[in-house]
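In our numbering, the protein residues as written are 55 to 351.
Structure below.
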């Protein structure tokens, strides 16, 4: 599969470009970004071609991978889908349910495949843990997840305008909500409460009757930083392995699975855009509650 990459920032350079260039059965053929010089530099480093014309970029590839902000992603992804390109999307797929709906509709209308890059869901060790611990019948009573990130600390390559604007809810929040849903069943409702130190707390109810909590910030002190997730129930407690997570390894898996899904007549995937749309809906409701709480309403 011939991939094109949209985006030229840190995440594109560190994760997407090297992973796509080294995925068996796929090639990184094209790069497009708002900064032509950055696109040319990234493309040259991986034997790809930089494009300034978006339509020409689309004509050169079979699939498009995105390493752009969630505000920019929907409109670009819709154009790519309408051009018949398969999509390797970033999470969240959008910042509003309306934009998520429009993107999913475009994917459905075009009949293209989509995979959303939830890093944890494509890590082999975490997948093995999830397969062992998933109990669709509701064997787990609940779970807890937290991500104490340092993205907004000075000097972090993740300290970008969109993260400054939207905070942890839309950056690490999608990972927590998605994984808790994978473990405990789809989320049916959310209650969100702001905390001190730019921390947000979510209480999630799941279709299985289980409940879970998610704690997140992008301004954690470095000694306390890191993710964690555990499940609990009658059989005990189980903690998700996170120390081995390499985003490039996960992206190679995601890219290979997009190619596999694209070859099928029924182009669905557990982490496709339609499933990720539900995460956007939950986060949008949480955002509404957090804003109301902070406004004193």
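Ideal placement from N, C-alpha and C gives every residue a C-beta, glycine not left out.
> Over what stretch of residues does the alpha helix (DSSP H) that includes residue 179 continue unbroken?
Replying inline: Within the chain shown, numbered from 1, the residue matching residue 179 stands at position 125. Its alpha helix (DSSP H) spans residues 178-187.
>> Please report the distance separating the alpha-carbon of residue 270 from that of residue 200.
In response: Counted from its first residue, the chain shown places residue 270 at position 216. Counted from its first residue, the chain shown places residue 200 at position 146. Rounded to whole angstroms, the gap between the alpha carbons of residue 270 and residue 200 is 6 Å.
> Roughly how far, in whole angstroms, is the beta-carbon of residue 166 from the beta-carbon of residue 141, given that I think they are within contact range, below 8 Å?
Replying inline: Along the chain shown, one-based indexing puts residue 166 at 112. Along the chain shown, one-based indexing puts residue 141 at 87. Going by Cβ atoms, the distance from residue 166 to residue 141 rounds to 6 Å, so yes, they are a contact pair.
> Where are the beta strand (DSSP E) runs, 3 residues long or more, that stay fully inside the stretch 117-165, in chain order?
Replying inline: Every beta strand (DSSP E) stretch that sits fully inside the stretch 117-165 and reaches 3 residues is listed by chain position as 117-120 and 140-144.
>> Under 8 Å: do the stretch 169-178 and the stretch 301-312 share three or more Cβ pairs, one atom per stretch?
In response: With the rule of 3 Cβ pairs closer than 8 Å, the stretch 169-178 counts as touching the stretch 301-312.
>> Please classify residue 218 as buried or exposed, where buried requires at least 16 other C-beta atoms within 10 Å of its C-beta.
In response: Residue numbering aside, residue 218 sits at position 164 when the chain shown is read from its first letter. Residue 218 is exposed by the Cβ-count criterion.
> Hey, residue 194 and residue 287: beta-carbon distance below 8 Å or not?
Replying inline: As a working mapping, residue 194 is identified with position 140 in the chain shown. As a working mapping, residue 287 is identified with position 233 in the chain shown. Yes, these two residues count as a Cβ contact at 8 Å.
>> Is the separation between the beta-carbon of residue 59 and that of residue 121 shorter than 8 Å?
In response: The residue you call residue 59 lines up with position 5 of the chain shown. The residue you call residue 121 lines up with position 67 of the chain shown. Taking C-beta atoms as the reference points, residue 59 and residue 121 count as a pair closer than 8 Å.
> Got a sec? Which residues, its chain only, sit under 7 Å from residue 341 by beta carbon, not counting five neighbours each side?
Replying inline: Residue numbering aside, residue 341 sits at position 287 when the chain shown is read from its first letter. The residues are 223.
>> Less than 8 Å between the C-beta atoms of residue 247 and residue 258, yes or no?
In response: The residue labelled residue 247 in the question sits at position 193 within the chain shown. The residue labelled residue 258 in the question sits at position 204 within the chain shown. No, the Cβ-Cβ distance between residue 247 and residue 258 is not below 8 Å.
> Where does the unbroken beta strand (DSSP E) through residue 273 begin, and where does it stop?
Replying inline: Position 219 of the chain shown, counted from the start, is the residue given in the question as residue 273. Secondary structure note for residue 273: it is in no beta strand (DSSP E), with a DSSP letter that is neither H nor E.
>> In this structure, how does DSSP classify residue 107 when only helix, strand and coil are distinguished?
In response: Taking the first residue of the chain shown as position 1, residue 107 is located at position 53. DSSP, reduced to helix, strand and coil, places residue 107 outside both helices and strands of the structure shown, so it counts as coil.
> Taking DSSP as the reference, what is the three-state secondary structure of residue 242?
Replying inline: The residue given as residue 242 occupies position 188 in the chain shown. Assigned with DSSP and collapsed to three states, residue 242 falls in strand.
> Of the choices 96, 114 and 84, whose alpha-carbon is the least far from that of residue 103?
Replying inline: One-based indexing of the chain shown puts residue 103 at position 49. Ranked by Cα distance from residue 103, the options 96, 114 and 84 are led by 84.
> If we count Cβ pairs, one from each stretch, closer than 8 Å, do we get three or more for the stretch 106-126 versus the stretch 274-294?
Replying inline: Short answer: they don't touch.
> Relative to the alpha-carbon of residue 236, which residue among 127, 148, 196 and 150 has its alpha-carbon at the smallest distance?
Replying inline: As a position in the chain shown, residue 236 is number 182, starting the count at 1. Nearest of 127, 148, 196 and 150 to residue 236, Cα basis: 196.
> Does the distance from the C-beta atom of residue 74 to that of residue 330 stay below 8 Å?
Replying inline: Position 20 of the chain shown, counted from the first residue, corresponds to residue 74. Position 276 of the chain shown, counted from the first residue, corresponds to residue 330. No, the pair does not count as a contact, with Cβ atoms beyond the cut-off.
> Cα-Cα, which of 277, 123, 230 and 181 is closest to residue 215?
Replying inline: Taking the first residue of the chain shown as 1, we reach residue 215 at position 161. The shortest Cα separation from residue 215 among 277, 123, 230 and 181 belongs to 123.
> Taking just the CA atoms, how far does residue 170 sit from residue 323?
Replying inline: Taking the chain shown and counting its residues from 1, one reaches residue 323 at position 269. Taking the chain shown and counting its residues from 1, one reaches residue 170 at position 116. A straight line joining the alpha-carbon of residue 323 with that of residue 170 spans about 9 Å.
> When DSSP labels each residue in this structure, what does residue 305 get in the three-state scheme?
Replying inline: To locate residue 305, count along the chain shown from 1; it is residue 251. Secondary structure of residue 305 (DSSP, three-state): helix.
> For residue 191, which of helix, strand or coil comes out of DSSP?
Replying inline: As a first step, residue 191 is located in the chain shown; it is residue number 137 there, counting from the start. Confidence in residue 191 is poor, its pLDDT being 49 and thus under 50, which makes the residue's placement too unreliable to answer from.
>> I'd like the span of the beta strand (DSSP E) that includes residue 210, first residue to last.
In response: To locate residue 210, count along the chain shown from 1; it is residue 156. Looking at the DSSP string, residue 210 is not in any beta strand (DSSP E), and its letter there is neither H nor E.
>> Measuring alpha carbon to alpha carbon, tell me which residue in 115, 295 and 212 is nearest residue 64.
In response: Mapped onto the chain shown, residue 64 falls at position 10. Among 115, 295 and 212, the Cα nearest to that of residue 64 belongs to 212.
>> Using the Cβ count rule (16 or more neighbours within 10 Å means buried), how would you classify residue 70?
In response: Here residue 70 is taken as the residue at index 16 of the chain shown, counted from 1. Classification of residue 70: buried, given that the 10 Å Cβ count is 16 or more.
> Whose CA, out of 187, 78, 326 and 226, lies closest to the CA of residue 205?
Replying inline: Residue 205 sits at position 151 when you count from the first residue of the chain shown. Answer by Cα proximity: 226.
> Going straight from the alpha carbon of residue 347 to that of residue 245, what length do you get?
Replying inline: Position 293 of the chain shown, counted from the start, is the residue given in the question as residue 347. Position 191 of the chain shown, counted from the start, is the residue given in the question as residue 245. Each residue's alpha carbon lies about 11 Å from the other.
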